[in-house]
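Mapping the sequence shown onto the UniProt record's numbering, position 514 (from 1) lands on 514, and the numbers just tick up by one. Cβ coordinates follow ideal geometry from the N, Cα and C atoms, glycine included. One structure is given below, encoded as structure tokens.
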Amino acid sequence: MNATMERLAKMEEREYSPFIRVLFGLSSPSPVPADLEKDEEVGAIEWVDMTLNDSQKDAIQFALASREIALIHGPPGTGKTHTLIELILQLLKQNLRILVCGPSNISVDNIVERLAPHKVPLIRLGHPARLLPSVLNHSLDVLTRTSEAGAIVKDVRAEMDAKQASIRKTRNGRERKAIYAELKALRKEYRERERRCVSSLVAGSRVVLATLHGAGGFQLRDEQFDVVIIDEASQALEAQCWVPLLAAKKAICAGDHLQLPPTIKSLNSKSKSTGTKGKDGTGGVPIKGATLETTLFDRLLKLHGSSIKRMLTTQYRMHEKIMRFPSDELYEGRLMAAEGVKARLLKELPYEVQETDDTTEPLIFIDTQGGDLPEKNEDEQDGGAGKKLTKSSLFGDSKSNEMEAALVRQHLRSLVDAGVRPEDIAVVTPYNAQLAILAPLKEMFPGIELGSVDGFQGREKEAVIVSLVRSNPDGEVGFLGEKRRLNGKSTFQRPVGALEWAARCGSCLAACPWMGIGP
Numbered sequence: 001m002n003a004t005m006e007r008l009a010k011m012e013e014r015e016y017s018p019f020i021r022v023l024f025g026l027s028s029p030s031p032v033p034a035d036l037e038k039d040e041e042v043g044a045i046e047w048v049d050m051t052l053n054d055s056q057k058d059a060i061q062f063a064l065a066s067r068e069i070a071l072i073h074g075p076p077g078t079g080k081t082h083t084l085i086e087l088i089l090q091l092l093k094q095n096l097r098i099l100v101c102g103p104s105n106i107s108v109d110n111i112v113e114r115l116a117p118h119k120v121p122l123i124r125l126g127h128p129a130r131l132l133p134s135v136l137n138h139s140l141d142v143l144t145r146t147s148e149a150g151a152i153v154k155d156v157r158a159e160m161d162a163k164q165a166s167i168r169k170t171r172n173g174r175e176r177k178a179i180y181a182e183l184k185a186l187r188k189e190y191r192e193r194e195r196r197c198v199s200s201l202v203a204g205s206r207v208v209l210a211t212l213h214g215a216g217g218f219q220l221r222d223e224q225f226d227v228v229i230i231d232e233a234s235q236a237l238e239a240q241c242w243v244p245l246l247a248a249k250k251a252i253c254a255g256d257h258l259q260l261p262p263t264i265k266s267l268n269s270k271s272k273s274t275g276t277k278g279k280d281g282t283g284g285v286p287i288k289g290a291t292l293e294t295t296l297f298d299r300l301l302k303l304h305g306s307s308i309k310r311m312l313t314t315q316y317r318m319h320e321k322i323m324r325f326p327s328d329e330l331y332e333g334r335l336m337a338a339e340g341v342k343a344r345l346l347k348e349l350p351y352e353v354q355e356t357d358d359t360t361e362p363l364i365f366i367d368t369q370g371g372d373l374p375e376k377n378e379d380e381q382d383g384g385a386g387k388k389l390t391k392s393s394l395f396g397d398s399k400s401n402e403m404e405a406a407l408v409r410q411h412l413r414s415l416v417d418a419g420v421r422p423e424d425i426a427v428v429t430p431y432n433a434q435l436a437i438l439a440p441l442k443e444m445f446p447g448i449e450l451g452s453v454d455g456f457q458g459r460e461k462e463a464v465i466v467s468l469v470r471s472n473p474d475g476e477v478g479f480l481g482e483k484r485r486l487n488g489k490s491t492f493q494r495p496v497g498a499l500e501w502a503a504r505c506g507s508c509l510a511a512c513p514w515m516g517i518g519p
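Written as structure tokens, this is what we have:
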């Protein structure tokens, strides 16, 4: 990231391509036809996937028609990755070369898994130890060993090993010197053949996939692409995104800026420098409001407006009642529940579940605001064998609520007694201290999943119990006042039947900032 930022800083304005000028806000994006169905280039597409809905088709057509930048806004459960796979296949039909990136290995591997069945020439860059086993056959490391060029490299390596072994058996100085000379030549040949093998594999792949950081590796040095696709762009630092952007002529960013932003650990993240050094040479004038949480997705949307964005509007994940609040409060009421999930309940799971109050309601609130269920700071409770936990303890200034944890346990028991399998249930909380209190539930209900709100991202469960912890006379909710924290970013593979909430509302406001928000 540092190297990329330095390269950008040294780049003069006359070197900017039209694409980079748009990214910097120095130029406006080329206009896209208002009615894409009538457009000659994208209006008569032969779809590979016939199950795409209208909003997905519109987003793909828009991305294909855009010259410099296109944003695909994918709220929870709207099939964003599904849309990206079709988009990649359509770009390949146009004979374009594509670089696909994401902020994490799992986000990239998810695309590889779904793209592989289409038998397109692709290559996944990255260390094999960090990749899913299902995508290893598409990794550069495996392909360099199994390709024809890789076989020659392997033969050279074997010859090197044989020469190395022969040195130990040779006592004659002249013969040893000759072997060392041969080894030196073989090493040079090995490096050159390996380099050519990697270059050949990368150059021959029409789709290259890597993490945003991985796109800056030596394998892609001097490589150019027609299009770069950045998945989960709203979860990535902008500095990360510029690594692949400098190798492309057009960018398509997919994400949801109304879900969790990137996790920023820097204590000074809210105050950024202009880069102009002060008299002491240690810093510059802070830019008001600048923060690493401002992503490329956010900035481009603010720069160019909604004309560069298309939103996916049909969600396949949650019951209509769960969907309604986030739709109205965050997505301008545009979300629609697909027929298969709009009325689906826990009692309809593919195994026997009793009809109870808990399995016939898609959304349940339990109000724990009050004197009997107070929250606690870590310095207000005992830890272990009478030890006093302080703010310097493991969970710092984290909050917990023991009585609410008891309610979670009670609600969990009622779900399991009704027939819901523990492995289909998750308990989620925003506070690590509460997570520690809930830990014994794993022994009581083997198979359930416990996690933080952030850590549960990408997981799928039929029922989710959310313990929000906060309960105090002042109605303080802390960082939970940020709506995006509970508008979770989960990449579920199938619809969620119901979301069970063990929740509390800070002050019983009519406009509760998190009421009904989905998993």
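By the 16-neighbour rule on beta-carbons within 10 angstroms, S467 is buried.
G216 and G478 have their C-alpha atoms some 38 Å from each other. Taking V32 as the centre and dropping the five residues before and after it, the same chain places the C-beta of F62, A65, S66 closer than 7 Å to its C-beta, in chain order. Going by C-alpha positions, P128 is about 24 Å away from D161.
Classified as buried, L131 has 16 or more neighbouring CB atoms from the shown chains inside 10 Å of its CB. Taking 4 residues as the shortest admissible run, the stretch 312-337 contains the following complete alpha helix (DSSP H) segments, listed from N- to C-terminal end: 320-330.
DSSP, read as helix, strand or coil, puts F24 in helix.
The residues V108, D231, E232, in chain order, have a CB closer than 6 Å to that of G102 in the same chain once the five nearest residues on each side in sequence are set aside. In the DSSP assignment, I123 falls outside any alpha helix (DSSP H) and lies within the beta strand (DSSP E) extending over 122-124. The distance from the Cβ of P18 to that of S28 is about 11 Å, inconsistent with a contact at the 8 Å cut-off. Residue ranges of uninterrupted beta strand (DSSP E) with 3 or more members, entirely inside the stretch 180-250 and ordered along the chain, are 207-211, 227-230. Within the DSSP bridge table, the entry for E462 names no partner. In the structure shown, L450 falls within a strand segment according to DSSP collapsed to helix, strand and coil.
Bridge partners of S400 according to DSSP: K376. By the C-beta criterion, the stretch 139-146 is judged to be in contact with the stretch 184-204, since at least 3 inter-stretch pairs fall below 8 Å. In the structure shown, A405 adopts helical secondary structure according to DSSP, grouped into three states.
Secondary structure note for V112: its alpha helix (DSSP H) is the uninterrupted segment 105-115. In this structure, I179 is the residue among R174, I179, G173 with its C-alpha nearest to the C-alpha of Q164. DSSP lists no bridge partner for S266. A contact is defined here as three or more CB-CB pairs under 8 Å, and the stretch 294-308 meets this definition with respect to the stretch 251-267. A residue is called buried once 16 or more other Cβ atoms fall within 10 Å of its Cβ, and E355, having fewer, is exposed. When beta bridges are read from the DSSP output, T429 appears opposite S452. With fewer than three CB-CB distances shorter than 8 Å, the stretch 394-409 does not count as touching the stretch 326-338. With 16 or more neighbouring CB atoms inside 10 Å of its own CB, S400 falls in the buried class. Distances from the CA of L99 to each of P326, L212, D328, Q434 were compared; the closest alpha carbon is that of L212.
From the listed residues Q56, M50, E40, the smallest Cα separation to Q315 is found for Q56. Taking all protein chains shown into account, W47 has fewer than 16 neighbouring C-beta atoms within 10 Å of its C-beta and is therefore exposed.
Annotated three-state conformation of V48 is coil, per DSSP.
Assignment of V420 by DSSP, reduced to helix, strand and coil, places it in the coil class.
Distance from the CA of A343 to the CA of H319, rounded to the nearest whole angstrom, comes to 6 Å. The beta carbon of G25 lies closer than 7 Å to those of L303 in the same chain, with the five residues before and after it left out. Annotation for H82: the continuous alpha helix (DSSP H) segment containing it runs 80-93. Per DSSP, the beta bridge partners of H73 are G255, M311. The alpha-carbon of L89 is positioned some 27 Å away from that of G340. Residues of the same chain with a CB within less than 7 Å of the CB of R484, apart from the 5 flanking positions on each side, are L258, Q259, L260, P261 in chain order.
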